[in-house]
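Before any comments, here is the structure.
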Amino acid sequence: MRTGHFKESTGQLIALTDNPTTKAWVAALVVALLAAPLLLGAYELGLLVTVLIAVVGGVGLNLLTGTTGLISLGQAGFLAVGAYGNAVLMVDYGWPVWLSLPAGGVISALISLLVGIPSLRLKGLYLAITTLAFSFIVSHIILYAEPITRGPNGIFVSGAEIFGFNVQKGPPLYFLTLFVSVAVVLLALNLQRSRLGRAWLAIRDHDIAARAMGIDLTRYKLLAFMISSFIVGLAGGLISLQIRFINIDVFGLILSIEALAIIILGGLGSIAGAILGAIFLTLLPEVIRIAFNLVLEPGSSFYSTYVYEIRGVVYGFVIVAFLRFKPDGLIGLWRDSKKFWSNWPLAY
Amino acid sequence: MKRIAIVAIAALATGPAFAADPGVTDTEIRIGDVNIMTGAASFIGRAVSVGSKIAAAEINDAGGVNGRMIKIITEDDGYVPSRSFQALSKLIEVDEIFALNGTSGTANVLAMMPLIEENNLPTIVSTAPNELVYDPVRPSVFTLGASYSDAFYAQLKYINDNVDIENPVYGLIRQDDDFGVAVEHGYNRAVEEFGVEDAARIRFKKGTSNFSAEVAQLDRAGVNVLANGGIISGAANILSEARKLGMDIQSAQVWSEDMPPSVNLAAQAGYDYYVADYVALTGEANDAFLETAREYVSEDEIEAINRYTYVTYAALHAMAEAMSRCGEELTRDCTIENLRQLEDFPVGGIMAPISFNNENQLSGTAVSVYQLDADTQTFTRLTEFVDY
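Keeping their order, the protein sequence lines are chains A and B. So for the first sequence, full-length UniProt numbering puts the first residue at 1; every next one is plus one. So for the second sequence, full-length UniProt numbering puts the first residue at 1; every next one is plus one.
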């Protein structure tokens, strides 16, 4: 049993982990992720891509809501801006995807200033409603800016290549998404431990106290909006690559709700929680579908009449039950199980 | 030995190159269906699913497609395009479907289009006959249904030609999406051709439920012939507002307003509104269809039947006909080619005969105009199927 944990150099202090077991698990995870295209079928790989995109979006929102305490219901809007930014630059202006994808994120970050600046004095539900309104504004602009966005008709996104590989399907899309999600997770982990991250945490815990300590609220809140929106914009760009068609219906309000659900179910403020939440929420419908198919005959009258709705109810019920019994989210469950293991056989 | 080798090579060179496509075995053909099985619009998905089920049961009862039984595999997309994409991925990769019959809404089918094209999947789009689906034409995609534009034009033309209105004043209220654009297109054609007064054009955001301001504008403009581009509860709320204001209007509606749940809502306003549809709503064909349906599906499923059931039923019969013409060696290429050659294929009178042998691979464009009797909640057929 460990009795203490001491850090004796700057190198140890800035390392993401100094635990050999953690390093071994991370290495195993990296190997598994790299080998996934060899081990999984096309559909499962597609699901994994969806999970990774949800991870990118979840980590982005977590920086804003979990770390800085600014609630946003405008994620669908930022996703849409990133997706349209990538699609328009790639399809209409011929930009290569390695440039259009981050550019979509940058556009999303710049547009976030439009919400961020008027929202500086707002927090809690007031901010949530403001960001929700932003989402509506984005959908209106997309519908009416037909010369750029093709309005309600949407855009088919094709021709995304990196090193000659079509990064819109199969292993190339998977590796691109994996690269982006790993980069985003590392960025978020490092940001949280930086001066910036500590300022965000201070703002979240008590913004007046944070200001009294000399933290420039305007600057740090706007940075939180911009960095979060950049990451969410990247997720939107990846969605446009995966689905290969975008219109305003792709970015419904439900996406904003799901993004919040990801970080709350995972555990607010935790990067690992956002990752777990993304995995949980993306795969839960699949798990429920498989479970129902094991018990019931899909072609039956009962199935076609009732089961689809029942599945939806079960999905909601699992989430409600989870929050009731594990309010700290999946990361709380993970910590409890670690504690149980470390303290065994004295765990209770 | 040499002779055998020559014969074998000749046979390989000249014989038909039959390579089994996914979804076909000696005994079964798997057909996919991506649909709205959950959420507010689930009554559409359920109706579609029942249509496929009845057609498949009927075909299988008659011996299947050259001895192969049709199996329908349905996936729910909840009307969310990204989920449609995921659902079709599952149907292609896990269930290995041969063809697709049931494609949800317009944005949903467009989200699935790259997968459909990539897999050369024979597909009949029967619930989203939008121009975006068939123009540009995709080789494996066939569309069944009239355009919203034609449907509105047909109704307005009927009103113009047959209803005696003193000083007709036309008005339009429509959604701000691709569907709304199509409605306005039909309205434009009508007002230009008839030379009538075009007093108001109002756009509203999809999902709007309160139309008091919009209908007040229509009332102020004196509109008495309305192209009502609301859908289901939206259309009903527009009529309800018009009734509150005491407007005397002839209202043309989209075909979703002939489904029982929509009629229940919209008829309460008391307007005997019009719809134009490419499926038959009343008559012997419908009675015969219901009789067939009772043989194959449960009472719960019979309750779910509406216009989308008929069109999906017809689409699966057309698909089965194309597959049967391939004989034993069933491939996607062959099915697509046979669909492309389909001409005047009869579907029991529930819609006009199906012909895909045109440049858009589009059929069912002829519509009939119907009028609701709000008291009895029944429709009367006013015209035969006509192409506009």
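Ideal Cβ placement from N, Cα and C applies to all residues, glycine included. Source: prediction; values computed, not measured.
Runs of the beta strand (DSSP E) lying entirely within the stretch 170-252 of chain B, each at least 3 residues long, are 197-204 and 225-229 in chain order. For a Cβ distance threshold of 8 angstroms, nothing in chain A lies close to S240(B): the least Cβ distance comes to about 25 angstroms. Closest in C-alpha terms to R201(B), from the list A352(B), G195(B), V223(B) and L382(B), comes V223(B).
Interface annotation for the stretch 29-40 of chain B against chain A: M37 and T38, criterion Cβ-Cβ distance under 7 angstroms.
In this structure, W95(A) keeps its C-beta atom at 8 angstroms or more from the C-beta atom of I162(A). Within the stretch 169-190 of chain B, Q175, D176, D177, D178, F179, G180 and V181 place their CB atoms closer than 9 angstroms to a CB of chain A, listed in sequence order.
In the structure shown, S368(B) falls within a strand segment according to DSSP collapsed to helix, strand and coil. Uninterrupted alpha helix (DSSP H) stretches at least 4 residues long and entirely within the stretch 106-157 of chain A occur at 125-144 and 146-149, given in chain order.
Residue state for S194(A) is assigned as coil, using DSSP reduced to three classes. Among the bridge pairs identified by DSSP, F345(B) is matched with I354(B). Residues W200, I203, R204 and A224 of the same chain have their beta carbon placed closer than 6 angstroms to that of T68(A), with the five preceding and five following residues left out of the count.
G82(A) is positioned such that its CB atom lies no closer than 8 angstroms to that of S112(A). Within the model, the alpha-carbon separation for A133(A) versus Y187(B) is close to 32 angstroms. N35(B) sits in a strand when the DSSP states are folded into three classes. Residue nearest to N35(B) within the set T27(B), S82(B) and V254(B) is S82(B) (criterion: CA-CA distance). Between A285(B) and G349(B), the beta carbon gap of about 3 angstroms places them in contact (Cβ cut-off 8 angstroms). Under the 8 angstroms Cβ criterion, the stretch 297-315 of chain A does not count as touching the stretch 225-245 of chain A, having fewer than three qualifying pairs. Closest option to R243(B), judged by alpha-carbon separation, among G229(B), E257(B), D272(B) and F289(B): D272(B). Sequence-distant partners of A190(B) (beyond 5 residues in either direction) whose C-beta falls short of 6 angstroms from its own C-beta, in its chain, are Y153 and L156. Between the alpha carbons of L191(A) and L176(A) lies a distance of about 22 angstroms. For the stretch 154-188 of chain A, the beta-carbon criterion of a distance under 7 angstroms to any beta-carbon of chain B is satisfied by G154.
At a cut-off of 8 angstroms, the C-beta of R46(B) has a neighbouring C-beta in chain A.
Taking 8 angstroms as the CB threshold, S209(B) stays off the interface with chain A. Using a Cβ distance threshold of 8 angstroms, V59(A) and V182(A) do not count as a contacting pair. Here DSSP, grouped into helix, strand and coil, assigns A87(A) to helix.
Close partners of L132(B) in chain A (Cβ separation under 7 angstroms): N153.
Beta-bridge partners of S363(B) (DSSP): L144(B). Per the C-alpha coordinates, the member of L346(A), I288(A), K338(A) and L268(A) positioned closest to P327(A) is L268(A). DSSP places K339(A) within a helical segment (H, G or I) once states are collapsed to three. Judged by DSSP in its simplified three-state form, D76(B) adopts strand. Between A252(B) and N228(B), the beta carbon gap of about 6 angstroms places them in contact (Cβ cut-off 8 angstroms).
The beta carbon of D76(B) sits closer than 8 angstroms to some beta carbon of chain A.
The Cβ-Cβ distance between D95(B) and S84(B) does not fall below 8 angstroms. Around L122(A), the same chain offers T130 as residues with beta carbons nearer than 7 angstroms, after the five sequence neighbours per side are excluded.
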